[in-house]
Amino acid sequence: MKISQAYSRPARLLKVASWVIAIAFAIFLNMLGALVIRDLMYAPHGGPPNAEQFSDAVTSPLDVQMHDLQLQRDALNDKIENTRIAQERAVKLYTEARESFRNWIATRQATGDGRNDPELLARTRQLDALQASVAGWQKQQNALLDDARPIDARMNQLRVQIATARQAADERYQAASRRYELVVFGWRLALTLPLLVVAVWLFIRFRRNRYWPFVYGFGLFALTAFFVELVPYLPNFGGYVRVIVGIALTAFAGIYMLRAFQKYVERKRAELEQSQTDRARSVDYEKALSAYQKKLCPSCDKPWHLGGDQVSYCIHCGLNLFKVCGCGGRNFAFFPFCNQCGKPVSDDSAVKAEQQGTQSR
Ligand SMILES: [Zn+2]
Ligand SMILES: [Zn+2]
360 MKISQAYSRP ARLLKVASWV IAIAFAIFLN MLGALVIRDL MYAPHGGPPN AEQFSDAVTS
420 PLDVQMHDLQ LQRDALNDKI ENTRIAQERA VKLYTEARES FRNWIATRQA TGDGRNDPEL
480 LARTRQLDAL QASVAGWQKQ QNALLDDARP IDARMNQLRV QIATARQAAD ERYQAASRRY
540 ELVVFGWRLA LTLPLLVVAV WLFIRFRRNR YWPFVYGFGL FALTAFFVEL VPYLPNFGGY
600 VRVIVGIALT AFAGIYMLRA FQKYVERKRA ELEQSQTDRA RSVDYEKALS AYQKKLCPSC
660 DKPWHLGGDQ VSYCIHCGLN LFKVCGCGGR NFAFFPFCNQ CGKPVSDDSA VKAEQQGTQS
720 R
């Protein structure tokens, strides 16, 4: 039992301050880690691949061709539209002329006027000319449509080519993205895994060291680095990797916990096999105090007050819990001084008390 371990006020303050230092240390290490990772992420081939890079290289010459063809096609369309309008007008003119000719013929037959033969000829010629103009416009329109046909065919062909090229480019882009993800993950793994290993090693070896806040701070940093900087970047592979990592972590945590519990049980059993004095010595002063406040036996962690207010020994494991001083004062066995006379409760008296205890039992 070391009195210096008592939980005095400064000791508690030191503990709080140490934790503040551990957390601040972890935060600053995390900020440093984030900076390093940010700068590293620019390293693999200048950032993540983008989809346009891949499709543009192949499709842009095709797109240029397509654009040229479209311009040609638009020009042809304009011409076709113009000839269509001209033809419509010619048809209208022709129909009107034919109507008036019919009327004229009808009047002529009714009046029996036979002298206008030259006019008949002239009118017929004019009508023929109008009809020829209609046919001419139709012919021009047909020729233009003939011109448009190969352009349309070429455009359709180009459309198919562009679609195929886009698909191929997309596949290449997907592959590049997967590769990039792997590279990024590799970098992150190479950075975080050693940190985690070092943190575990530090924790196992130096967690009770005088400089433990730094060990804990580093451990917190490694843990956050693992969960923030590595886990979200696990490559997917259809969800397999994440699930497998989850299973591995749970199994690891479960095995560690069960082994720790087993060790605790074994330690307790070994403690119970020790003599009273050895067991009393193996109990930490702080632990004894907190157990006293909770009315638990500091050795077997079970409640002693079930045995009544005047217990001297633990009713579960037999540890000496209360001693009577030479002055008659009753003390918790782990208090260093008597609460009535202030004389030290020495180990000798503990041995004596134990002997008395065994005799009286
Ligand atoms: Zn006990
Ligand atoms: Zn006393």
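If you want our numbering, it's the 1-based position in the sequence shown plus 359.
Quick reminder that beta carbons are idealized off the backbone N, C-alpha and C, glycines included.
For R448, which beta-bridge partners are listed by DSSP? On the sequence shown, position 89 is the one that residue 448 refers to. Paired residue(s): none; R448 is not in a bridge.
In DSSP terms, what K682 is bridged to: For the purposes of this step, residue 682 is identified with residue 323 of the sequence shown, where counting begins at 1. DSSP lists N690 as partners of K682.
Exposed or buried, what is A528 when buried is set at 16 or more other beta-carbons lying within 10 Å of its beta-carbon? Your numbering for residue 528 matches position 169 in the sequence shown. Under this definition A528 is a buried residue.
Determine, using beta carbons only, whether P657 and A647 come nearer to each other than 8 Å. Here residue 657 corresponds to residue number 298 of the sequence shown, with the count starting at 1. Here residue 647 corresponds to residue number 288 of the sequence shown, with the count starting at 1. Cβ atoms of P657 and A647: closer than 8 Å.
Based on the DSSP secondary-structure assignment, which residues constitute the bridge partners of Y672? Within the sequence shown, numbered from 1, the residue matching residue 672 stands at position 313. DSSP output for Y672 lists N679 as bridge partner(s).
Looking at C-alpha atoms only, which residue of F544, C659, C676 and G688 is the closest neighbour of Q669? As a position in the sequence shown, residue 669 is number 310, starting the count at 1. The option with the nearest alpha carbon to Q669 is G688.
Nearest to V587 by CA position, among N389, Q500 and E458, is which residue? Counted from its first residue, the sequence shown places residue 587 at position 228. Among N389, Q500 and E458, the Cα nearest to that of V587 is on N389.
Assumed close pair N679, A629 - CB separation to whole angstroms, cut-off 8 Å: Here residue 679 refers to the residue found at position 320 when the sequence shown is read from its first residue. Here residue 629 refers to the residue found at position 270 when the sequence shown is read from its first residue. Taking 8 Å as the upper bound for CB-CB distance, N679 and A629 are not in contact here, some 19 Å apart.
Near F562, what residues of its chain come up, given a Cβ to Cβ distance below 7 Å and the 5 sequence neighbours on each side ignored? Counting from one through the sequence shown, the residue named residue 562 turns up at place 203. These residues qualify, in order along the chain: V574 and G578.
Ligand 1 heavy atom lying under 7 Å from the CB of S658: In the sequence shown, the residue the question calls residue 658 occupies position 299. Yes, the Cβ of S658 comes within 7 Å of a heavy atom of ligand 1.
Own chain partners of N698 with C-beta closer than 7 Å, once the 5 adjacent residues on each side are dropped: The sequence position of residue 698 within the sequence shown is 339, counting from 1. G688 and N690, listed in sequence order.
DSSP on P657, reduced to helix/strand/coil? Within the sequence shown, residue 657 is the residue found at index 298, counting from 1. Note: P657 maps to coil in three-state DSSP.
8 Å Cβ cutoff met for L486 and A465: Stepping through the sequence shown from its first residue, residue 486 is reached at position 127. Stepping through the sequence shown from its first residue, residue 465 is reached at position 106. Not closer than 8 Å, so no.
Near M616, what residues of its chain come up, given a Cβ to Cβ distance below 7 Å and the 5 sequence neighbours on each side ignored? Locating residue 616 in the sequence shown gives position 257, counting from the first residue. A distance below 7 Å between beta-carbons, with the five flanking residues on each side excluded, links M616 to no residue of its chain.
For R461, count neighbouring C-beta atoms within 10 Å of its own C-beta (all shown protein chains included) and say buried if the count is 16 or more, exposed if not. Residue mapping note: residue 461 aligns to position 102 of the sequence shown, counting from 1. Exposed, since its Cβ has fewer than 16 Cβ neighbours within 10 Å.
When a residue counts only if its C-beta is closer than 5 Å to some heavy atom of ligand 4, which residues count, in chain order? Absence of ligand 4 is noted for the structure shown, with ligand 1 and ligand 2 being the only ligands found.
Along the chain, which unbroken stretches of the beta strand (DSSP E) at least 3 residues long are found entirely within the segment 560-635? Correct list: empty.
Kindly examine ligand 1 and report whether one of its heavy atoms sits closer than 7 Å to the Cβ of K661. Within the sequence shown, residue 661 is the residue found at index 302, counting from 1. Yes.
Extent of the continuous alpha helix (DSSP H) run through G667: Translated into positions along the sequence shown, residue 667 becomes position 308. Segment: none, G667 is in no alpha helix (DSSP H) and carries neither H nor E.
Taking the C-alpha atoms as reference points, what is the distance between L548 and G613? Indexing the sequence shown from 1 puts residue 548 at position 189. Indexing the sequence shown from 1 puts residue 613 at position 254. C-alpha separation (whole angstroms): 24 Å.
Does at least one heavy atom of ligand 1 sit under 7 Å from the Cβ of H675? Mapped onto the sequence shown, residue 675 falls at position 316. H675 Cβ: within cutoff of ligand 1.
Taking D643 as part of the alpha helix (DSSP H), name the residues at either end of that continuous run. For the purposes of this step, residue 643 is taken as the residue at position 284 of the sequence shown. Segment: none, D643 is in no alpha helix (DSSP H) and carries neither H nor E.
Can you say whether I603 is buried or exposed, counting buried as having 16 or more other CB atoms within 10 angstroms of its CB? Locating residue 603 in the sequence shown gives position 244, where the first residue counts as 1. By the 10 Å Cβ count, I603 comes out exposed.
May I ask whether a heavy atom of ligand 1 can be found less than 7 Å away from the beta carbon of Q678? As a first step, residue 678 must be located in the sequence shown, where it is residue number 319. The displayed chain sequence assigns Leu, not Gln, to residue 678. Because some heavy atom of ligand 1 lies under 7 Å away, the Cβ of L678 counts as near it: yes.
Quick one: is L372 buried, meaning 16 or more other Cβ sit within 10 Å of its Cβ, or exposed? Numbered from 1 along the sequence shown, position 13 holds the residue referred to as residue 372. Label assigned to L372: exposed.
Give me the residue from F693, D511, P572 and F580 with the minimum Cα distance to L391. Here residue 391 refers to the residue found at position 32 when the sequence shown is read from its first residue. With distances taken between Cα atoms, L391 lies closest to F580.
Apart from the five residues just before and just after D476, which ones in its own chain have a Cβ nearer than 8 Å to its Cβ? Along the sequence shown, read from residue 1 onward, the residue named residue 476 stands at position 117. Counting only Cβ-Cβ distances below 8 Å, and skipping sequence neighbours, we find nothing.
Say whether the segment 539-559 touches the segment 431-439, bearing in mind that this needs 3 or more beta-carbon pairs closer than 8 Å, one atom from each stretch. no
Same chain only: Cβ atoms within 6 Å of A584, ignoring 5 sequence neighbours per side: Sequence index remark: in the sequence shown, residue 584 carries index 225 (1-based). Hits under 6 Å: G392, T551 and L554.
Rounded straight-line distance, which links the Cα of V417 to that of A534: The residue labelled residue 534 in the question sits at position 175 within the sequence shown. The residue labelled residue 417 in the question sits at position 58 within the sequence shown. C-alpha separation (whole angstroms): 17 Å.
With contact counted as at least three CB pairs below 8 Å, one residue from each stretch, are the segment 503-510 and the segment 377-385 in contact? no
Taking its Cβ as the centre, do 16 or more other Cβ atoms sit within 10 Å of T442, making it buried, or is it exposed? Here residue 442 refers to the residue found at position 83 of the sequence shown. So T442 counts as buried.
Reduced DSSP category for P703 - H, G, I as helix; E, B as strand; rest coil: The residue you call residue 703 lines up with position 344 of the sequence shown. Here P703 sits in strand by DSSP.
Here's the rule I'm using: 16 or more other beta-carbon atoms within 10 Å means buried, otherwise exposed. How should P695 be labelled? Walking along the sequence shown from the start, residue 695 turns up at place 336. Label assigned to P695: exposed.
Mind checking C686: buried by the 16 CB within 10 Å criterion, or exposed? Looking up residue 686 in the sequence shown gives position 327. Its Cβ having fewer than 16 others within 10 Å, C686 is exposed.
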